[in-house]
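**Student:** Residue numbers (my numbering): 430 to 676. Even for Gly, the Cβ is constructed at its ideal location relative to N, Cα and C. Owing to the predicted nature of the structure, the values given are computational and were not obtained by experimental measurement. One structure is given below, represented as structure tokens, and several questions about it will come after.
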């Protein structure tokens with residue numbers, strides 16, 4: 430259905446042949462944004478929805494529309510300082526709102542970072558625990574499985590530590606499981622070795638592809654020499670070191 434009222438005899442080349450009914454809209458064109466209704470309908474104002482103007486005319490509301498959402502802080506500022514510009518008051522309110530949003534975002538970021546950190550720390554702790562004797566492959570009694578701590582057939586070497594009385598000195602060494610997979614171990618000194626000697630970890634699991642660090646500590650409680658033997662063993666092997674401490 431054609432939407433025009435022009436007589437068919439006046440149509441030329443598919444276009445108007447007469448401009449007798451032409452209406453000049455002048456300043457009624459709204460730029461194509463649709464906010465002034467239909468051009469030519471005589472309405473030069475903005476569209477209205479439920480009789481509520483889309484753009485408030487008061488200076489206060491115009492500032493709110495221009496600068497952000499009103500939370501009451503700008504009104505408080507103007508009450509304290511009646512000479513303060515409305516737009517400036519709203520700017521200060523928006524700045525405060527932005528700071529609150531920023532603080533909330535930073536808080537969420539910190540929570541995410543802390544969560545990631547805790548996840549990483551948990552994994553690192555698992556590795557640390559496995560090295561320091563807490564994580565074991567199987568649950569059994571070492572004394573029943575390995576028997577009393579005894580010197581092996583071969584001596585791997587001698588560990589010598591010199592320290593002052595009641596002062597701790599340490600020696601660190603790394604060890605791997607020479608066989609495939611994991612193996613529960615016991616690290617202990619033979620009977621007769623002074624209690625001045627301590628080793629950490631005392632039990633745990635040796636890995637094939639990753640070092641387990643052992644820390645031998647010597648704290649002499651009396652002057653002189655102290656000798657003994659350190660034994661680290663699994664079901665498959667036994668390694669023995671002689672330990673010599675002096676002051």
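1. Given residue 576, which residues of its chain have a CB within under 7 Å of its CB, disregarding the five upstream and five downstream residues?
2. Which two residues bound the contiguous beta strand (DSSP E) that contains residue 505?
3. Please specify which runs of the alpha helix (DSSP H), each continuous and at least 4 residues long, are wholly inside the segment 607 to 667, giving them in chain order.
4. Starting from residue 586, trace the beta strand (DSSP E) both ways and give me its first and last residue.
5. If you reduce the DSSP assignment to three classes, tell me which class residue 444 lands in.
6. Nearest to residue 670 by alpha carbon, out of 632, 602 and 530?
7. If contacts are defined as beta-carbon pairs under 8 Å, then residue 652 and residue 674 qualify, I think. What distance do you get, rounded to the angstrom?
8. Measure the alpha-carbon distance for residue 512 versus residue 506 and round it to whole angstroms.
9. Tell me where the beta strand (DSSP E) around residue 602 begins and ends.
10. Mapping the DSSP letters down to three states, classify residue 536 as helix, strand or coil.
11. Alpha carbon to alpha carbon, how far is residue 542 from residue 520? Give it in angstroms, no decimals.
**Tutor:** This is what the structure gives:
1. In the chain shown, the residue the question calls residue 576 occupies position 147. Closer than 7 Å at Cβ, skipping near neighbours: no residue.
2. As a first step, residue 505 must be located in the chain shown, where it is residue number 76. It is not in any beta strand (DSSP E) - residue 505 instead sits in the alpha helix (DSSP H) that spans 502 to 509.
3. none
4. Counting from one through the chain shown, the residue named residue 586 turns up at place 157. 584 to 591 is the extent of the beta strand (DSSP E) around residue 586.
5. The sequence position of residue 444 within the chain shown is 15, counting from 1. Looking at residue 444 - three-state DSSP - the assignment turns out to be strand.
6. For the purposes of this step, residue 670 is taken as the residue at position 241 of the chain shown. Considering only alpha carbons, the answer is 602.
7. Along the chain shown, read from residue 1 onward, the residue named residue 652 stands at position 223. Along the chain shown, read from residue 1 onward, the residue named residue 674 stands at position 245. In fact, because the Cβ distance is near 11 Å, the residues do not count as touching under 8 Å.
8. Sequence index remark: in the chain shown, residue 512 carries index 83 (1-based). Sequence index remark: in the chain shown, residue 506 carries index 77 (1-based). Their Cα atoms are separated by approximately 10 Å.
9. Here residue 602 is taken as the residue at index 173 of the chain shown, counted from 1. Start and end: 598 to 604.
10. Residue numbering aside, residue 536 sits at position 107 when the chain shown is read from its first letter. Residue 536: helix per DSSP, three-state reduction.
11. Locating residue 520 in the chain shown gives position 91, counting from the first residue. Locating residue 542 in the chain shown gives position 113, counting from the first residue. Spanning the two alpha carbons is a distance of roughly 32 Å.
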